[in-house]
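Okay, so here's the structure we're looking at.
In our numbering, the protein residues as written are 1 to 399.
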C-alpha cells in the first residue's frame, strides 16, 4: 500500500501519482497487483505509435471527433460576454465519456484482459463502456446505484441493448459512490482477466492521470479551434461541471500552465450548500481518502463519508478527483456551487436560446456564468459535456 504524500507545485501528476498533497494509491493489498500492473504499463502502452494510431482513428471515425467549438450568439448576448460551447454532447453516445472508454479498452486489450467492469452515475459512462465492449467483443458488467437506475432508465436500457449486464448497487444512498464501491469489490475478486474502466479522474493512481490524458483531447482541440476563430488559443475562462471531474480535467488539461486562463469548476449545491442535501465538495469537504486516493471529500467529524445529493446523477458524488482538489487548494481553480433550481433554469435557458438541450450536469456549468461577474470583452469556453435526452423525465417536471 502506497501512503507517502509528495508535495509539489506542479499541476501535472508526479511519478508517484500526486497532485500537490492529493492523489496516490491508497489501496488494499488484494488490489495491489491490478493497480501495479496498470501503473507499470499505461504510459508505455499509450505512447506506442500503434496505440496512438488506433486511438486517433477511433476518435475520428467512431466517436466523431473533432467536436465543434460553437459560438453561442444568443447566450452571449444574454450573459454579456463571448461564450463558446465545446460540443462534447455530439460525441457518439452523447457525452465526453467515450473519449476515455475508447482509450481504456485499447489499454485493456494490450494487457490481455477479457472482461470489463465499470461503475456509472448518470449512465453516460456506463453506456460508453458498454458501447466499446460491444465494439471490441468483450464481456461488460456495469454497477449502477438503484436510485440512479430509476432516474436514468433510458441509459439502463441502452446498456442492456448493447449487451452489458447492469448490476444495481443497493447499499448506502444507492448512487454513484455505492456503485463505485461495488465495482471495486468485483475487480478485487476477478484480478486476472478483468479490467476496471473508471469513468472519472478518481481512484488510485494511475487512473486520475490516465483518464485526464484521454480526456485532454477536449482542450487540445479547443486551443486549435479557438485560435482559428479568434486568433488566440487562450480564452479568459474555461468552465466545466465537476462531480468526479473528468470533463473538467479534459477541458482544463492544456490550460493548466496558462495562468491567464481561469479554470472554473462548478459543483452541485443541491437544495443549497448548507441544506444537508448537497454535493458541494469543496465547500463542505476536507482532506481524506476516497476510492483509493487522497482528495477532498464530504465526511463526518469521525471520517465517515457523507451521503451526497444532487438532481444530476453524474454530480451526485461526495468527493472530487485529486487534480481538482489540488486546483482548489492552490487557488488555480475557481469553484462554484450551483443549486438544482439554478441548474434547471440554465438548462431551459440554453434550450430556448440555442436549440441545445444540455445534460443536467452541464446545466450546472452554464448556471455559473451568471455568477462570474463577466466583462463584455471576456471570452469563455464552456464544456458542454453531455446532451439532455437522458434527463427529459426530470426536465419535464419543471415544464
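Using N, Cα and C, we set each Cβ at its ideal position, and we do this for glycine too. From a predicted model like this one, the values you see are computed outputs, not experimental measurements.
Decide if the segment 335-349 is in contact with the segment 358-372; the criterion is three or more beta carbon pairs, one per stretch, under 8 Å apart.
yes
Short check: CB of residue 116 to CB of residue 197, under 8 Å?
yes
DSSP three-state call for residue 338: helix, strand or coil?
In this structure, residue 338 counts as strand in the three-state DSSP scheme.
The alpha helix (DSSP H) with residue 287 in it runs from where to where?
Run containing residue 287: none in the alpha helix (DSSP H); it sits in the beta strand (DSSP E), 286-290.
Out of 163, 349 and 130, which has the shortest C-alpha to C-alpha gap to residue 399?
349
Which residue marks the beginning of the alpha helix (DSSP H) containing residue 364, and which one marks its end?
Here the alpha helix (DSSP H) through residue 364 covers 360-367.
Could you work out which residue in 390, 244 and 372 is closest to residue 81 when comparing CA atoms only?
Of the candidates 390, 244 and 372, the residue whose Cα lies closest to the Cα of residue 81 is 372.
From the DSSP output, read off the bridge partner residues of residue 118.
142 and 197
With DSSP as the reference, please indicate the residues paired to residue 331 in a beta bridge.
Answer by DSSP bridge pairing: none, since residue 331 is not bridged.
Check whether the segment 158-165 and the segment 173-191 touch, using three or more Cβ-Cβ pairs below 8 Å as the test.
No: fewer than three Cβ pairs fall under 8 Å.
How should residue 55 be labelled, buried or exposed, when 16 other C-beta atoms within 10 angstroms of its C-beta is the threshold for buried?
buried
Sort 144, 156 and 133 by Cα distance to residue 173 and report the nearest one.
144
Under three-state DSSP, which class holds residue 128?
helix
Assuming residue 404 is part of the beta strand (DSSP E), what are its boundary residues?
Residue 404 is absent from the structure shown; the chain starts at 1 and stops at 399.
Where does residue 218 fall in DSSP's three states?
Three-state result, residue 218: helix.
Could you tell me whether the segment 254-274 touches the segment 327-340, using the rule of 3 or more Cβ pairs below 8 Å?
yes
So, helix, strand or coil for residue 250, using DSSP?
Looking at residue 250 - three-state DSSP - the assignment turns out to be helix.
Taking its Cβ as the centre, do 16 or more other Cβ atoms sit within 10 Å of residue 44, making it buried, or is it exposed?
exposed
Residue 384 bridges to which residues according to DSSP?
Within the DSSP secondary-structure output, residue 384 pairs in a beta bridge with 87.
Can you tell me whether residue 30 is buried or exposed? The criterion is at least 16 other CB atoms within 10 Å of its CB, across all chains shown.
exposed
From the DSSP output, which residues share a beta bridge with residue 133?
Answer is none; residue 133 lacks a bridge partner.
Limits of the alpha helix (DSSP H) - the one that residue 409 falls within:
A question about residue 409 goes unanswered here, because the residues of the chain that appear run from 1 up to 399.
Alpha helix (DSSP H) segment containing residue 69, residue limits
Unbroken run through residue 69 is the beta strand (DSSP E), 69-71; no alpha helix (DSSP H).
Pull up the distance between the alpha-carbon of residue 231 and that of residue 178, whole angstroms please.
46 Å
Helix, strand or coil for residue 267 per DSSP?
strand
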